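Each position in the sequence shown, counted from 1, maps to that position plus 1481 in my numbering. Structure first, commentary second.
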Amino acid sequence: MPSFATITAALALTATVVAGPVERRKAFSVEQVHKKIFAKNGAAATVKTLRKYGKPVPENLLKAAEIGPNDQILTTLASSGSDPAIPGDAYDSLYLSPVTIGTTNPTTVNLDFDTGSGDLWVFSSLQASAQLSGHDYYKVDSSKKISGATWKISYGDGSGASGTVYADKVVVGGVTATTQAVEAATSVSSQFSSDTDTDGLLGLSFSTLNTVRPTPQKTFFDTVKSSLASPLFAANLKYHAAGTYDFGYIDSTKYTGAITYVKVDTSQGWWQFSFSGYSVGTGATVSSSINGIADTGTTLIYLPTAVVKAYYAKVSGATNSATYGGYVFSCSATLPDFNLVLNGVKQRVPGKYINYSPVQTGSSTCYGGIQSNEGIGISIFGDIFLKSKYVIFDGASTPRIGFADQ
Ligand SMILES: Cc1noc(C)c1CN(C)Cc1cc2n(n1)CCN(c1cc(N)ncn1)C2
């Protein structure tokens, strides 16, 4: 179970009554035993109260509560931290976050945090130098090599990478994994070698999806989870703007209204759950169970064909293009909002977000942010959906996912 920053400072004066055998009324002394005195500080009291009523505890308060009156640390520091999530291009195709890897020769690389996969892999000094131009990369420390361990991953779009494994230090937004499985690439597919923004991925699915063999390794989140103030991380992706990934705490300044939680099915290694229905624009809600995964590593939303057809029926001129492999429309079209219903609460995706990008640079035909899941086998609630929310990935003993409006 995660170690909470149990800030339970207590002023404890205990009186130990020293009583001898009961005899004639004898005097007895009461010796006061001074326990180590921890001055209860205001922040600690506030933290306790917020926790008591299930309210989010801001990071600054956690930190303030952890320092005693003489600057002594009251508890083992439970960690939390926040890392930026920066759009990789003008259309939010992916989001990149700085991560520092290594001890003797640390390097900061830009990784794609991906709740749809379970490997932390990075461009490395093991690759041919031609593959490294334009990239930051991990300088492997041979003393940290995990003997006999290899990895090989492939993604839905046919891209992939492979290599060997090192146990080294990884720092994400101030949260440190002293010994994290770092999967050093020896080879990457052309999609990655040509994409000089992405230096690798940091998997945030469940560790059952990790591809290291013979012994699968833990994700960064699983490595640090027990040291976090709370066993969770939150994705605050934004439309055409920098957001954050928060680890160990929920930041109440980053969302409005209530958080709607649902339990996740971890049996396939993903953050998998079901919406109960959908609506298009101001239309009536259609009851329909839509089972899928919250996937920060996938750009678009992929849904059952019938749902996608119902959406684009409300976009004049939209067609399902064989040429472009999906629904396209005029870039000047006004797109209706799209709502997915969770526990009776509408999770809205603004129509603007569903105008993803021109099909080619300079074209007046645009590609839709909602497409069919045909051929994928499951629905994917990708960045187009996630960027309208503050999403809590709660890794407690019964994992759940929560959504709130940004
Ligand atoms: C540039 C650019 N434009 O769009 C992308 C993506 C890139 C990045 N670039 C082409 C390289 C690349 C390819 C992939 N990624 N990055 C991220 C992982 N991928 C996933 C993750 C997942 N959960 N599900 C499916 N695939 C495929």
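We put the CB at the ideal spot given by N, CA and C, even for glycine. Keep in mind the model is a prediction, meaning the values are calculated, not measured.
Please tell me whether residue i and residue j are closer than 8 Å, where the distance is taken between their beta carbons.
| i | j | result |
| --- | --- | --- |
| Tyr-1783 | Ile-1731 | no |
| Val-1833 | Pro-1817 | The displayed chain sequence assigns Lys, not Val, to residue 1833. Contact: no. |
| Thr-1725 | Ser-1563 | yes |
| Tyr-1736 | Ala-1877 | no |
| Val-1652 | Ser-1560 | no |
| Val-1822 | Ser-1755 | no |
| Tyr-1742 | Gly-1535 | no |
| Lys-1744 | Arg-1881 | yes |
| Tyr-1460 | Pro-1587 | No answer is possible for residue 1460: the residues shown for the chain start at 1482 and end at 1887. |
| Trp-1632 | Thr-1689 | no |
| Asn-1820 | Tyr-1759 | yes |
| Ile-1859 | Asn-1772 | yes |
| Asp-1889 | Thr-1585 | No statement about residue 1889 is possible, as the shown extent of the chain runs from 1482 to 1887 and does not include it. |
| Ala-1739 | Phe-1701 | no |
| Gly-1762 | Phe-1687 | no |
| Thr-1777 | Asp-1676 | no |
| Val-1590 | Asp-1617 | yes |
| Thr-1780 | Val-1809 | no |
| Thr-1596 | Phe-1874 | yes |
| Asp-1638 | Gln-1608 | no |
| Ser-1853 | Thr-1786 | yes |
| Phe-1594 | Ser-1610 | no |
| Gln-1612 | Ser-1674 | yes |
| Ala-1665 | Val-1580 | no |
At which residues does the alpha helix (DSSP H) containing residue i begin and terminate?
| i | result |
| --- | --- |
| Gln-1749 | It is not in any alpha helix (DSSP H) - Gln-1749 carries neither H nor E in the DSSP assignment. |
| Ile-1857 | Ile-1857 -> no alpha helix (DSSP H), and no H or E assigned at all. |
| Ile-1865 | 1864-1867 |
| Leu-1685 | Taken as a continuous stretch (DSSP letters only), Leu-1685 belongs to no alpha helix (DSSP H), as it is neither H nor E. |
| Thr-1815 | Where Thr-1815 is concerned, there is no enclosing alpha helix (DSSP H), given that its DSSP letter is neither H nor E. |
| Asp-1875 | Looking at the DSSP string, Asp-1875 is not in any alpha helix (DSSP H); the run it does join, the beta strand (DSSP E), is 1870-1875. |
| Asp-1703 | 1701-1705 |
| Ala-1722 | Per DSSP, Ala-1722 belongs to no alpha helix (DSSP H); it is in the beta strand (DSSP E), 1722-1728. |
| Lys-1633 | Run containing Lys-1633: none in the alpha helix (DSSP H); it sits in the beta strand (DSSP E), 1626-1635. |
| Val-1796 | Element bounds for Val-1796: n/a, residue is neither H nor E. |
First and last residue of the beta strand (DSSP E) that includes residue i?
| i | result |
| --- | --- |
| Ala-1564 | The identity of residue 1564 in the sequence shown is Asp, whereas the question assumes Ala. Residues 1562-1568. |
| Lys-1827 | 1826-1830 |
| Phe-1472 | The structure shown does not extend to residue 1472, since the chain is modelled only from 1482 to 1887, so the question has no answer here. |
| Phe-1604 | Premise fails: Phe-1604 is in no beta strand (DSSP E) and is neither H nor E. |
| Tyr-1647 | 1641-1653 |
| Ala-1775 | 1767-1775 |
| Thr-1737 | 1737-1744 |
| Ser-1578 | 1576-1582 |
| Gln-1661 | 1656-1669 |
| Ala-1571 | Careful: Ala-1571 lies outside any beta strand (DSSP E) and carries neither H nor E. |
If contacts are defined as beta-carbon pairs under 8 Å, then residue i and residue j qualify, I think. What distance do you get, rounded to the angstrom?
| i | j | result |
| --- | --- | --- |
| Val-1663 | Tyr-1619 | 6 Å |
| Tyr-1871 | Gly-1807 | Wrong, their Cβ atoms sit about 28 Å apart, outside the cutoff. |
| Thr-1667 | Ser-1643 | 6 Å |
| Ser-1797 | Ala-1814 | 7 Å |
| Ile-1627 | Asp-1600 | So it is not a contact: roughly 14 Å between Cβ atoms. |
| Ala-1571 | Ala-1723 | Going by Cβ atoms, the distance from Ala-1571 to Ala-1723 rounds to 13 Å, so no, they are not a contact pair. |
| Ala-1654 | Phe-1728 | Looking at the sequence shown, residue 1654 is not Ala but Gly. 6 Å between Cβ atoms; contact. |
| Ile-1851 | Val-1767 | That pair is no contact at about 15 Å. |
| Gly-1583 | Asp-1678 | Going by Cβ atoms, the distance from Gly-1583 to Asp-1678 rounds to 21 Å, so no, they are not a contact pair. |
| Pro-1839 | Cys-1812 | 6 Å |
Neighbourhood of ligand 1 [Cβ distance below 7 Å to any heavy atom], ordered by chain position: Gly-1569, Asp-1570, Ser-1574, Leu-1575, Asp-1593, Asp-1595, Gly-1597, Ser-1598, Tyr-1636, Gly-1637, Asp-1638, Ser-1640, Gln-1672, Phe-1673, Asp-1676, Asp-1678, Thr-1679, Leu-1682, Asp-1776, Gly-1778, Thr-1779 and Thr-1780
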